[in-house]
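Numbering (the numbering used here), first residue to last: 14 to 229. Below is one structure, written out as structure tokens; the observations come after it.
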Amino acid sequence: MTVMPSVVVLISGRGSNMVALLDAHLPLRILAVISNRSDAQGLEQARSRGIPAEVVDHRLYATREDFDGALQGCISRFQPDMVVLAGFMRILTPGFVRHYEGRLLNIHPSLLPAFPGLDTHRRALAEGVRVHGCTVHFVTPELDHGPIVAQAVVPVFPEDTEALLAHRVLSLEHVLYPQVLRWWAAGRLRLTPEGRVEVAGRPAWGPSGCYPGPEQ
Ligand code: GRF
Numbered sequence: 014m015t016v017m018p019s020v021v022v023l024i025s026g027r028g029s030n031m032v033a034l035l036d037a038h039l040p041l042r043i044l045a046v047i048s049n050r051s052d053a054q055g056l057e058q059a060r061s062r063g064i065p066a067e068v069v070d071h072r073l074y075a076t077r078e079d080f081d082g083a084l085q086g087c088i089s090r091f092q093p094d095m096v097v098l099a100g101f102m103r104i105l106t107p108g109f110v111r112h113y114e115g116r117l118l119n120i121h122p123s124l125l126p127a128f129p130g131l132d133t134h135r136r137a138l139a140e141g142v143r144v145h146g147c148t149v150h151f152v153t154p155e156l157d158h159g160p161i162v163a164q165a166v167v168p169v170f171p172e173d174t175e176a177l178l179a180h181r182v183l184s185l186e187h188v189l190y191p192q193v194l195r196w197w198a199a200g201r202l203r204l205t206p207e208g209r210v211e212v213a214g215r216p217a218w219g220p221s222g223c224y225p226g227p228e229q
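This is the structure:
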């Protein structure tokens, strides 16, 4: 019997991407959800689905290194094959990132390398971009800059508000992240030693603006 690959999901708040991963019934084991905030809504969502939910409160640690050490300790209790950042709002230290090199994914609400950091939808509107979206990438020490796995594109309309645009992007995040984890679980996603992403199978546009698309 083959053992399904396993992940731990890190969140800080709402947790809608984490719920999308749980509800996609992917061929992987979600061993635990860990939050740096005890009031993260996503914790209850995880528990109600029978997933262990833990808190490593960043305010209890004097330095980023101390917090990341505690976080790593909590993750290592579960021995996951992959660590999935889903709205985890802490900057991670280079030591932590290097420890999980090739085993750490993030979803970011913009078409990287445009708009790394916070307030991506407001900045996209301010710049007048005509397309916007989200990116799943491997995490490297530089914030929001790692090798890109997949992106999903949405139009930006003249009448858009930040909330409307955020909602449009988020609904595609909920498609894109499960899709990437499905490739990974099937052994189709690889980060080469040169830092390039390979997805086995012919990439194609998906029906919902995702590239590569989910059907390939
Ligand atoms: C998402 O937009 C994600 O891309 C970003 O933070 C937000 C988290 O939302 N990193 P949620 O907690 O998954 O609902």
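Note that the Cβ used here is the ideal one computed from N, Cα and C, for glycine as well.
Take the Cβ of residue i as the centre, count every other Cβ of all protein chains shown within 10 Å, and call the residue buried at 16 or more, exposed below.
i	result
P171	exposed
A53	buried
P107	exposed
V144	exposed
P51	At residue 51 the sequence reads Ser, which differs from the Pro that was named. By the neighbour-count rule (16 or more Cβ atoms within 10 Å), S51 is not buried but exposed.
G146	buried
S123	buried
D70	exposed
Can you tell me the Cα-Cα spacing of residue i and residue j, whole angstroms?
i	j	result
E186	M31	11 Å
V16	A198	11 Å
Q229	T205	Here Q229 scores only 44 on pLDDT, less than 50, and its place in the model should not be relied on; the value that follows carries that caveat. Distance between the alpha carbons of Q229 and T205 is about 20 Å.
T133	V193	22 Å
P18	P40	8 Å
F80	N49	9 Å
R203	V212	6 Å
A163	R201	13 Å
L138	R90	42 Å
E78	V210	28 Å
E207	G115	11 Å
P129	E155	10 Å
M95	L177	32 Å
A37	V152	23 Å
I64	E57	9 Å
P93	V20	5 Å
T174	V167	14 Å
A127	A66	33 Å
For residue i, name the three-state secondary structure that DSSP assigns.
i	result
L98	strand
R111	helix
T153	coil
E140	helix
V46	strand
S19	strand
I88	helix
T133	helix
G4	Residue 4 is absent from the structure shown; the chain starts at 14 and stops at 229.
H145	strand
A33	helix
E67	strand
Using 6 Å as the cut-off, classify the Cβ of residue i as near or not near the heavy atoms of the ligand GRF, replying yes or no.
i	result
R27	yes
A99	yes
N30	yes
E186	yes
Tell me whether residue i, by its Cβ, gets closer than 6 Å to a heavy atom of the ligand NAP.
i	result
I120	Of the ligands this structure carries, namely the ligand GRF, none is the ligand NAP.
Q) Enumerated in chain order, which unbroken segments of the alpha helix (DSSP H) with a length of 4 residues or greater are wholly contained in the stretch 159 to 201? A) With a minimum length of 4 residues, the continuous alpha helix (DSSP H) runs that stay inside the stretch 159 to 201 are 175 to 198.
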